[in-house]
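Structure, as C-alpha coordinates:
Right, here's the structure in full:
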(Lines of atoms letter the chains of each structure in order from A; the text may use other names.)
(Lines give C-alpha, C1' and ligand atoms only; values in the text may rest on other atoms or scores of the structure.)
Protein backbone atom coordinates (compact mmCIF):
# COMPACT_ATOMS: atom_id res chain seq x y z
CA UNK A 1 0.00 0.00 0.00
CA UNK A 2 2.84 2.37 0.77
CA UNK A 3 4.35 1.86 -2.68
CA UNK A 4 1.08 3.00 -4.23
CA UNK A 5 1.45 6.38 -2.57
CA UNK A 6 5.12 6.61 -3.41
CA UNK A 7 4.61 5.96 -7.13
CA UNK A 8 3.07 8.08 -9.85
CA UNK A 9 0.88 10.99 -8.78
CA UNK A 10 -2.82 10.24 -8.55
CA UNK A 11 -5.15 12.03 -10.93
CA UNK A 12 -7.56 14.40 -9.24
CA UNK A 13 -10.90 15.16 -10.78
CA UNK A 14 -12.17 18.66 -10.05
CA UNK A 15 -15.86 19.37 -10.30
CA UNK A 16 -17.21 22.89 -10.38
CA UNK A 17 -20.71 23.58 -9.11
CA UNK A 18 -22.85 26.46 -10.29
CA UNK A 19 -23.52 28.72 -7.35
CA UNK A 20 -23.69 32.44 -6.57
CA UNK A 21 -20.27 34.10 -6.56
CA UNK A 22 -19.37 36.91 -4.20
CA UNK A 23 -18.67 40.24 -5.90
CA UNK A 24 -15.91 41.35 -3.51
CA UNK A 25 -13.47 39.96 -1.01
CA UNK A 26 -15.37 40.60 2.21
CA UNK A 27 -18.62 38.67 1.75
CA UNK A 28 -17.15 35.15 1.73
CA UNK A 29 -18.38 34.23 5.22
CA UNK A 30 -21.94 35.31 4.47
CA UNK A 31 -21.92 33.45 1.15
CA UNK A 32 -20.64 30.32 2.88
CA UNK A 33 -23.33 30.53 5.58
CA UNK A 34 -26.08 31.11 2.99
CA UNK A 35 -24.76 28.20 0.91
CA UNK A 36 -24.75 25.84 3.92
CA UNK A 37 -28.21 27.04 5.00
CA UNK A 38 -29.64 26.24 1.56
CA UNK A 39 -28.13 22.75 1.59
CA UNK A 40 -29.47 22.06 5.10
CA UNK A 41 -32.96 23.40 4.36
CA UNK A 42 -33.39 22.03 0.83
CA UNK A 43 -31.24 18.91 1.02
CA UNK A 44 -28.32 17.70 -1.04
CA UNK A 45 -30.53 17.65 -4.15
CA UNK A 46 -29.87 21.36 -4.47
CA UNK A 47 -26.28 20.48 -5.46
CA UNK A 48 -27.26 17.67 -7.81
CA UNK A 49 -29.69 19.91 -9.67
CA UNK A 50 -27.24 22.85 -9.94
CA UNK A 51 -29.88 24.88 -8.15
CA UNK A 52 -27.89 26.54 -5.37
CA UNK A 53 -29.04 30.10 -4.87
CA UNK A 54 -32.11 29.53 -7.05
CA UNK A 55 -29.91 29.98 -10.12
CA UNK A 56 -28.74 33.46 -9.08
CA UNK A 57 -25.33 34.68 -10.21
CA UNK A 58 -24.87 36.38 -6.84
CA UNK A 59 -27.00 36.87 -3.73
CA UNK A 60 -28.88 40.13 -3.27
CA UNK A 61 -28.22 42.56 -0.43
CA UNK A 62 -31.48 41.37 1.13
CA UNK A 63 -30.22 37.75 1.07
CA UNK A 64 -27.00 38.75 2.83
CA UNK A 65 -28.86 40.99 5.32
CA UNK A 66 -31.07 38.02 6.21
CA UNK A 67 -27.98 35.97 7.11
CA UNK A 68 -26.52 38.90 9.08
CA UNK A 69 -29.73 39.24 11.11
CA UNK A 70 -29.88 35.50 11.81
CA UNK A 71 -26.28 35.47 13.01
CA UNK A 72 -26.85 38.57 15.14
CA UNK A 73 -29.85 36.92 16.81
CA UNK A 74 -27.87 33.73 17.37
CA UNK A 75 -24.90 35.49 18.98
CA UNK A 76 -26.92 37.93 21.08
CA UNK A 77 -28.95 34.97 22.35
CA UNK A 78 -25.79 33.75 24.06
CA UNK A 79 -24.76 37.16 25.35
CA UNK A 80 -28.11 38.24 26.85
CA UNK A 81 -29.30 35.03 28.51
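Residue numbers (the UniProt record's numbering): 1 to 81. The beta carbon of each residue, even a glycine, is placed where N, CA and C say it ideally should be.
From this set, the options, which residue's C-alpha is nearest residue i's C-alpha?
i: residue 26; options: 19, 78, 64 and 69; result: 64
i: residue 46; options: 19, 10 and 13; result: 19
i: residue 34; options: 14, 9, 61 and 12; result: 61
i: residue 66; options: 43, 37, 14 and 80; result: 37
Am I right that residue i and residue j are in contact with their C-beta atoms under 8 angstroms? What's the rounded C-beta distance?
i: residue 71; j: residue 23; result: Between residue 23 and residue 71 the Cβ distance is about 20 angstroms, and since that is not below 8 angstroms, they are no contact.
Which stretch, first to last residue, makes up the alpha helix (DSSP H) that contains residue i?
i: residue 29; result: 28–42
i: residue 71; result: 61–79
Using beta-carbon positions only, say whether residue i and residue j come within less than 8 angstroms of one another.
i: residue 30; j: residue 68; result: yes
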